[in-house]
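Residue numbers (this note's numbering): 24 to 212.
Note that beta-carbon positions come from the ideal geometry of N, C-alpha and C, so glycine has one too.
Since the model is a prediction, treat every value here as computed from it, not as a measurement.
Input: a single structure, listed below in structure tokens.
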Amino acid sequence: MMRMQSSVGALTGLEAALAALLDGVEPVAPTLLPLDQTLGKIGAAMPPLAHAQPIRDTAKTDGWACRALDLAGASAYSPLPLTAIPVWVEAGGAMPEGCDCVLDADLIDCSGPMPQALEEAAPGQGVRRAGEDMEAGRPLIIAGHRLSAADLLTVRSAGIGEIAVRAPQVRLIDVAAPTSETFTGHLIA
């Protein structure tokens with residue numbers, strides 16, 4: 024027959040242990056650093072964006088900026104002469120006024136006296152719309168998030184050169200065992 028021994032002490036609940044451990048702990052003060060020093064750090068609160076990103080319509084690819092309505096019915100078998108000369112745009116460049124699509128370089132034939140479209144396009148084709156990446160009023164970085172390279176590219180594209188970060192500080196307390204070995208040594212081994 025097996026006898027149960029009475030317990031010497033009761034276990035502390037998880038909530039009570041966490042409360043005792045975190046009592047008096049405060050967040051590390053944020054530090055303003057240039058972007059090239061923030062990779063892997065923890066982002067602090069960031070003010071919301073004043074303007075949507077991108078601010079205006081931009082081209083996704085290099086090509087000819089056109090108005091989609093002017094290209095209706097165009098095909099390689101039936102090229103459509105364009106009344107207005109299309110404008111060449113580079114990827115990331117602002118879209119010209121009145122243009123709502125970008126055609127690849129080989130889809131506009133400029134060899135004759137009048138440029139001809141060799142394909143139709145839908146409005147918005149090859150275009151990043153204003154506000155497509157980030158809407159106004161939203162912070163670029165969420166507080167408490169570890170900053171990745173993609174986060175830093177997003178911040179840099181908004182024209183921001185430095186951000187507030189928190190650099191956590193960790194302290195280890197070495198607990199000695201009765202055999203004069205350290206408890207931390209056993210954890211590492």
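Exercise for the section: Kindly indicate which three-state DSSP category T81 falls into: helix, strand or coil? Expected result: It is a strand residue.
Exercise for the section: To the nearest angstrom, report how far apart G115 and A99 are at their CA atoms. Expected result: Whole-angstrom Cα-Cα distance: 28 Å.
Problem - Chain-order list of residues whose beta-carbon lies under 7 Å from that of H74 (same chain, five-residue window excluded) - result: Result list for H74: A159, in chain order.
Exercise for the section: Below 8 Å on the Cβ atoms is my guess for A140 versus L92; work out the distance and round it to an integer in Å. Expected result: With a Cβ gap of about 12 Å, A140 and L92 do not count as contacting.
Problem - Presumed contact (8 Å Cβ cut-off) between M118 and D156, rounded CB distance - result: Approximately 15 Å separates the beta-carbon atoms of M118 and D156; this is outside 8 Å, ruling out the contact.
Handout entry: Selection from L170, V193, L45 that minimises the alpha carbon distance to L58
Key = Looking at the Cα atoms, L170 is the closest of the given residues.
Handout entry: Every unbroken beta strand (DSSP E) inside the stretch 118 to 151 [3 residues or more]
Key = Annotation note: the stretch 118 to 151 contains the following uninterrupted beta strand (DSSP E) runs of length 3 or greater, listed N- to C-terminal: 124 to 126.
Practice task
Determine the DSSP secondary structure at T106, reduced to helix, strand or coil.
Solution key: T106 carries a coil assignment under DSSP once its states are collapsed to helix, strand and coil.
Practice task
State buried or exposed for G47, treating a residue as buried only when at least 16 other CB atoms are found within 10 Å of its CB.
Solution key: Classification of G47: exposed, given that the 10 Å Cβ count is below 16.
Handout entry: Nearest neighbour of P70, chosen from Q192, A181, D85 [CA to CA]
Key = Per the Cα distances, A181.
Practice task
Work out the CA separation of C133 and P191 for me, nearest whole Å.
Solution key: Distance between the alpha carbons of P191 and C133 is about 60 Å.
Exercise for the section: Can you give me the Cβ contacts of M137 inside the same chain, cut-off strictly under 8 Å, excluding the 5 residues immediately before and after it? Expected result: Within the same chain, M137 has close Cβ partners P104, L105.
Practice task
Taking the CB atoms as reference points, tell me whether G63 and L126 lie closer together than 9 Å.
Solution key: Result no, Cβ atoms of G63 and L126 do not sit closer than 9 Å.
Handout entry: Three-state secondary structure assigned by DSSP to T177
Key = In the three-state DSSP reduction, T177 falls in the helix class (H, G or I).
Handout entry: Cross-strand partners of L55 (DSSP beta bridge)
Key = When DSSP reads this structure, L55 sits in a beta bridge with A187.
Problem - Assigned secondary structure, A73 (DSSP; H/G/I helix, E/B strand, else coil) - result: Coil, per DSSP.
Handout entry: Short Cβ contact (9 Å threshold) for I65 with G167
Key = Yes. Within cutoff.
Practice task
Alpha carbon to alpha carbon, how far is L72 from A187? Give it in angstroms, no decimals.
Solution key: The alpha-carbon atoms of A187 and L72 are separated by roughly 15 Å.
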